[in-house]
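A.B. asks: Structure in structure tokens, see below.
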Amino acid sequence: MKICAQPLARHYDCAMLDLDGVVYVGKDAVAGAPEVLARARQFGARLAFVTNNASRPPDAVAAQLVQLGVPAETADVVTSAQAAAREVADRVPAGARVLVIGGEGLVRAVQAVGLQPVSSADAQPAAVVQGFGRNVGWQELTEGAVAIRDGAIWVASNTDLTVPTTRGLAPGNGSFVNALEAAVGAPPAVVAGKPHRPLFDETIRRTGSRSPLVVGDRLDTDIEGANNCGADSLLVMTGVTEAADLLRAPPARRPSYVAWTLDGLLSAHEVPTRSGTNRQLGGWVGSVVDAGLRVSTVTPDVDPSDGLRLAATAAWDWVDANSGERLRLDDALTALARLG
Ligand SMILES: [Mg+2]
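Put into structure tokens, the structure is as follows:
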């Protein structure tokens, strides 16, 4: 983990924010998120809202954010559909026909980069671009298979296997990409969304950011994506990641910073100090005894996020030094839940 002597929103010039699990969960804003984001802007950070969801156009996303109390312009929203359209435009002639498998957001993103969306392989498209859409079915996949076999370049917006619904997880774009891959015998040439680079590259190009900070709730998309493009990252625990997932994260999925909530954007970040096998941070102490991680507090009024930082740092160091051995986390997780 990294040290940042000043609030992250002051140190970094742009926060590249994931949406679900960070700014909102389902239809509701994450508690406190609108206020934190307003303060972050006062500290000087530009906000970019970066989503793997390719089905909704950016203006619809911006309108939802405004309704939740987070002021946002259409240009502040960067979708994997836009990043995918950019990847296609970089590879085909201007004005080329592109077979779109996906929703309205993808059609508009293709038009916005000067390409011509088509819906049939008979139009001899130069590329196939595929993103999530509720109406995607056998017919669209068949057009895609024919076009790809005829030589069209295949670009996927993202490969998330599932999408959350009110009835639980449902097939996401990655499931449809896998179906098409099975039919054509090869994977997409490019995947735009997290954890791949194009979505973040598009965001950096759009904002002109020199020191971006990726903010997300998922280790395998947001954090791994940040590491893939060399950006620093803040993991927040308001979405899908549990403390145990963080403590067991492999190096490629470890964030630069961690906080229980988005408040972490407004604070400086320290790392634990070490003496012998013990570590200390902000009234928390921790160590590994008999392959079991233990953390506790030695003063009242501690910052719960410091406990998480201490536990993660101690766990990663031990796992890296004892490869193949499993670290027991139950004591530490109980203490984090009780004291945090
Ligand atoms: Mg998320």
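Count along the sequence shown from 1, add 157, and you get the number used in our numbering. Here a beta-carbon is modelled for each residue, glycine too, at the ideal position from N, C-alpha and C. Bear in mind that the values here come from a model prediction, so they are computed numbers and not experimental data.
#1: Who are the near neighbours of R363 in its chain, counting only those whose CB is closer than 8 Å to its CB and skipping five residues on each side?
#2: Which whole-angstrom value describes the C-beta separation of T378 and P345, a residue pair presumed to lie in contact below a C-beta threshold of 8 Å?
#3: Can you tell me where the beta strand (DSSP E) holding G464 begins and where it ends?
#4: Using the three-state DSSP reduction, which class does G331 fall into: helix, strand or coil?
#5: Using the three-state DSSP reduction, which class does S390 fall into: helix, strand or coil?
#6: For V264, collect the residues of the same chain with a Cβ closer than 6 Å to its Cβ; drop the 5 residues on either side in sequence, then sort them by chain order.
#7: Between A238 and the rest of its own chain, which residues show a CB-CB distance below 6 Å, the 5 nearest in sequence each way excluded?
#8: Count the other CB atoms within 10 Å of the CB of G260; is the residue buried (16 or more) or exposed (fewer)?
#9: Note down, in chain order, each residue of its chain lying with its Cβ closer than 8 Å to the Cβ of A485, except the 5 sequence neighbours on either side.
#10: Whose C-beta lies closer than 6 Å to the C-beta of L403 among residues of the same chain, with five residues either side of it excluded?
#11: Let me check understanding here. Comparing Cα to Cα, which of R495, T454 and P407 lies closest to A480?
#12: How about R375: is its Cβ closer than 7 Å to a heavy atom in ligand 1?
#13: Pick helix, strand or coil for H426, following the three-state DSSP scheme.
#14: Along the chain, where does the beta strand (DSSP E) containing G433 start, and where does it finish?
#15: Hey, W311 and R411 are a contact pair by Cβ (cut 8 Å); roughly how many whole angstroms apart?
#16: Do A304 and A269 have their C-beta atoms within less than 8 Å of each other?
#17: Give me the DSSP bridge partner(s) of R483.
#18: Roughly how far, in whole angstroms, is the beta-carbon of V371 from the beta-carbon of G387, given that I think they are within contact range, below 8 Å?
#19: I'd like the ranges of any alpha helix (DSSP H) spanning at least 4 consecutive residues and lying wholly in the stretch 191-221.
#20: So, under 8 Å CB-CB, A166 and G201 are touching, yes? Tell me the CB distance rounded to an integer number of Å.
#21: Is V179 near ligand 1, going by C-beta to nearest heavy atom under 7 Å?
#22: Decide if E297 is buried, meaning its Cβ has at least 16 other Cβ atoms within 10 Å, or exposed.
#23: How about D175: is its Cβ closer than 7 Å to a heavy atom in ligand 1?
#24: How would you write the range of the alpha helix (DSSP H) that T319 sits in, first residue to last?
#25: Within the present structure, is the beta-carbon of G396 separated from the nearest heavy atom of ligand 1 by less than 7 Å?
#26: From Q281 to R254, what does the alpha carbon distance come to, in whole angstroms?
#27: If you draw a straight line from the C-alpha of D477 to the C-alpha of S444, how long is it?
#28: Are the stretch 211-231 and the stretch 422-431 touching by the rule of at least three beta carbon pairs closer than 8 Å?
#29: Out of S453, A425 and R248, which has the shortest C-alpha to C-alpha gap to V285?
C.D. replies: Here's the rundown:
#1: A205, A232 and V235
#2: Not really, about 16 Å apart at Cβ, beyond 8 Å.
#3: Unbroken run through G464 is the alpha helix (DSSP H), P461 to A478; no beta strand (DSSP E).
#4: helix
#5: strand
#6: V257 and P274
#7: A211, G262, L263, A266, G288 and S314
#8: buried
#9: For the sequence presented, residue 485 should be read as Arg rather than Ala. Cβ neighbours of R485 beyond the five flanking positions: A448, G449 and L450.
#10: A469
#11: One detail in the question is off: residue 480 reads as Ser in this sequence, not Ala. The candidate whose alpha carbon is nearest that of S480 is P407.
#12: yes
#13: strand
#14: Neither: G433 is in no beta strand (DSSP E) and is coded neither H nor E.
#15: In fact, because the Cβ distance is near 32 Å, the residues do not count as touching under 8 Å.
#16: no
#17: Looking at the DSSP assignment, R483 forms no beta bridge with any residue, so it has no partner.
#18: The Cβ separation is near 11 Å, so there is no contact.
#19: none
#20: 7 Å
#21: yes
#22: buried
#23: yes
#24: Not the alpha helix (DSSP H): T319 falls in the beta strand (DSSP E), residues T319 to T322.
#25: yes
#26: 7 Å
#27: 15 Å
#28: no
#29: R248
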